[in-house]
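Residue numbers (this note's numbering): 37 to 443.
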């Protein structure tokens, strides 16, 4: 009798945390069980997007079996809100050690590790002595720090990270990344092409479907009038996303009284965004917390158009997972991406949105105005977006491709 494949999924963030990618790993765990594997999840205690009461419920609930059949083990230290950088760094180190110790006891056939945060690649490098390890690169680190302008290539921290990067690439068995552009970057870093699978992030197109405006209760819950034109951003507010482009575009649109921009997000720049809105009285931007994945279809169905504000050069090292969610909800997109990039070619070929130059608020404002005044019904663009998601970014396609790659 063939032995059941044991897959260990290692991620610092997992449900019920609220982040742009936690749904991906829950989907993988559930679908791997459906495909016949035994699945163990190792993660830290949850924190993001939860109240203190919700977080506290997991302090003594560290081992559980999900209704879908996979086992979850939560390890590490309790997070404290407002902790300063040295304390957060120490806790990250403690959590990483705890994750490694728990993972190696599992004796899995294959370990899947997420690159957010990147140091899980080091855990994979150690576990690679025991079993096959598959490192999933949602972003390429430290290229993302350089592209975001946080550090220069010659900064001592980046040079140190480059050495760790090479260790991660040498010691892990195989890799999954999100686009051919990202694969080319990894090959240039020295990974053999046959070790890299390209599997884009996905949307659960069965769960996430367009919701008619009159049926979307989120308008009432957020006290938003159903009339008017809404441009929506939902996701991380960080240096890679360049939210200042959205705010600057909004200022250019201040006289367009029926156009509003809704921002749902958390991250390192959330306070910056909030302060700019208040200080500069940007009244046509409304800021909300990032809501749970159960609200995804309702959030994107608020939109007439969804904004994807990437910095220059980011498509080479990252692909925003929020884009597929917007497409699944049947909404056209305005994507900041260089001409000739994969996203630019997809948008041009499939006609489900507009591609603009990164870092150009005037282009974003013009694109919003163009869609607002479009003679082509936005429902037609939305139908093309939905069709593209179902054909190229469905959950079943992606999780099956993961399973075929790791088994």
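For each residue, glycine too, the CB sits at the ideal point set by N, CA and C.
By the Cβ test, the segment 346-359 is not in contact with the segment 402-413, since fewer than three Cβ pairs between them sit closer than 8 Å.
Between the alpha carbons of residue 347 and residue 182 lies a gap of roughly 11 Å. Between the C-alpha atoms of residue 88 and residue 53 there is a straight-line separation of about 12 Å. Residue pairing of residue 302 in beta bridges, as defined by DSSP: 272. Between residue 350 and residue 415, the C-beta gap is not smaller than 7 Å, which leaves the two residues out of contact. For residue 179, the closest alpha carbon among the candidates 188, 172 and 171 is that of 188.
Just measuring C-alpha positions, the residue of 367, 376, 108 and 310 sitting nearest residue 334 is 367. Of the residues assessed, residue 95 falls on the exposed side of the cut-off, its CB having fewer than 16 other CB atoms within 10 angstroms. For residue 191, the three-state secondary structure derived from DSSP is coil. Exposed is the label assigned to residue 310, since fewer than 16 other Cβ atoms lie within 10 Å of its Cβ. In this structure, the straight-line span from the alpha carbon of residue 205 to that of residue 231 is close to 10 Å.
In the three-state reduction of the DSSP assignment, residue 232 falls in the strand class, which pools E and B. For residue 430, the CB contacts under 7 Å within the same chain, skipping 5 residues up- and downstream, are 238 and 241 in chain order. Counting along the chain, residue 149 sits inside no alpha helix (DSSP H); it lies in the beta strand (DSSP E) bounded by residues 146-150. Residue 58 carries a helical assignment under DSSP once its states are collapsed to helix, strand and coil. Following the DSSP letters along the chain, one finds residue 255 inside the alpha helix (DSSP H) bounded by residues 254-257. With respect to the C-alpha of residue 308, the residue from 45, 132, 400 and 280 having the closest C-alpha is 280. Runs of the beta strand (DSSP E) lying entirely within the segment 302-339, each at least 3 residues long, are 321-324 in chain order. For residue 176, the secondary structure class from DSSP, reduced to helix, strand or coil, is coil. Excluding sequence positions up to five before and after residue 66, its CB lies within less than 6 Å of the CB of 104, all in the same chain and listed in chain order. Out of 304, 299 and 338, the CA that lies nearest to the CA of residue 319 is found in 299. Put simply, the segment 131-149 touches the segment 104-113. At least three CB pairs are less than 8 Å apart. Shown here, residue 342 sits in a strand according to DSSP, grouped into three states. Buried is the label assigned to residue 377, since at least 16 other Cβ atoms lie within 10 Å of its Cβ. Three or more beta-carbon pairs drawn from the segment 124-133 and the segment 153-170 are found closer than 8 Å, and the two stretches are therefore classed as touching. By the criterion of a C-beta distance shorter than 7 Å, residue 247 is surrounded in its chain by 333, 334 and 337, once the five residues flanking it on both sides are discounted.
Here the alpha carbon of residue 315 sits roughly 21 Å from the alpha carbon of residue 401.
Contact check for residue 146 against residue 168 passes: the beta carbons are separated by less than 7 Å. The beta carbon of residue 379 is closer than 7 Å to those of 351, 371, 373 and 391 in its chain, skipping five residues each way along the sequence.
Residue pairing by DSSP places residue 265 opposite 295 in a beta bridge.
DSSP, read as helix, strand or coil, puts residue 84 in coil.
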